[in-house]
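**Q** Please find one structure pasted underneath; my questions will follow.
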Amino acid sequence: MNYVSNSLPLMLNLALVSDELKNALGRVLNDCNTALELKPEYLKVSCRKAQALIALERFEEANVCISEALLLHPDESTLQKLKAEVQPKLPQEESPTSELDKEALLEME
-13 MNYVSNSLPL MLNLALVSDE LKNALGRVLN DCNTALELKP EYLKVSCRKA
37 QALIALERFE EANVCISEAL LLHPDESTLQ KLKAEVQPKL PQEESPTSEL
87 DKEALLEME
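For the sequence shown, the numbering used here begins at -13 and goes up steadily by one.
Given below as structure tokens:
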């Protein structure tokens, strides 16, 4: 039991750091959005914004950011790596045939 009570301050500090990190990432996003309003083609800002969105687990927004930047910089390896990182984390859309297959299975029952 002593181990648990000794761990509580550590857990509290970790929670505080996590909260501060999320706040900092929010500020990063605000700064990136402002910079992109001024210069939409700014590659480094797009990469930073995508990285912040990924860290916040906002994968769909990160994907949009990366896709838009790739339109301007199609050969940029950093963007391609970020795209590869975010793709597996995106929700999988059901295909229309899988929905039909479900209906067919339900009718069989």
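Glycine included, C-beta positions come from ideal geometry on N, C-alpha and C.
Being a predicted model, the structure only gives us computed values, none of them experimental.
(1) Do the stretch 24 to 44 and the stretch -5 to 3 touch if we need at least three Cβ pairs shorter than 8 Å?
(2) So what does DSSP say about Leu29, is it helix, strand or coil?
(3) Of all the beta strand (DSSP E) runs that stay within the bounds of the stretch 20 to 79, which reach a length of 3 or more residues?
(4) Buried or exposed: Ala55, going by 16 or more other Cβ atoms within 10 Å of its Cβ?
(5) Considering Cα atoms alone, identify which of Glu43, Asn16, Glu23 and Leu(-6) is closest to Lys75.
(6) Let me confirm a value: Met(-13) is counted as buried when at least 16 other C-beta atoms fall within 10 Å, else exposed. Which label applies?
**A** Quick look at the numbers:
(1) no
(2) helix
(3) none
(4) buried
(5) Glu43
(6) Residue placement at Met(-13) is poorly supported in this model, since its pLDDT is 48, which falls under 50; the coordinates still yield a value, given next. With fewer than 16 Cβ atoms within 10 Å of its Cβ, Met(-13) is classed as exposed.
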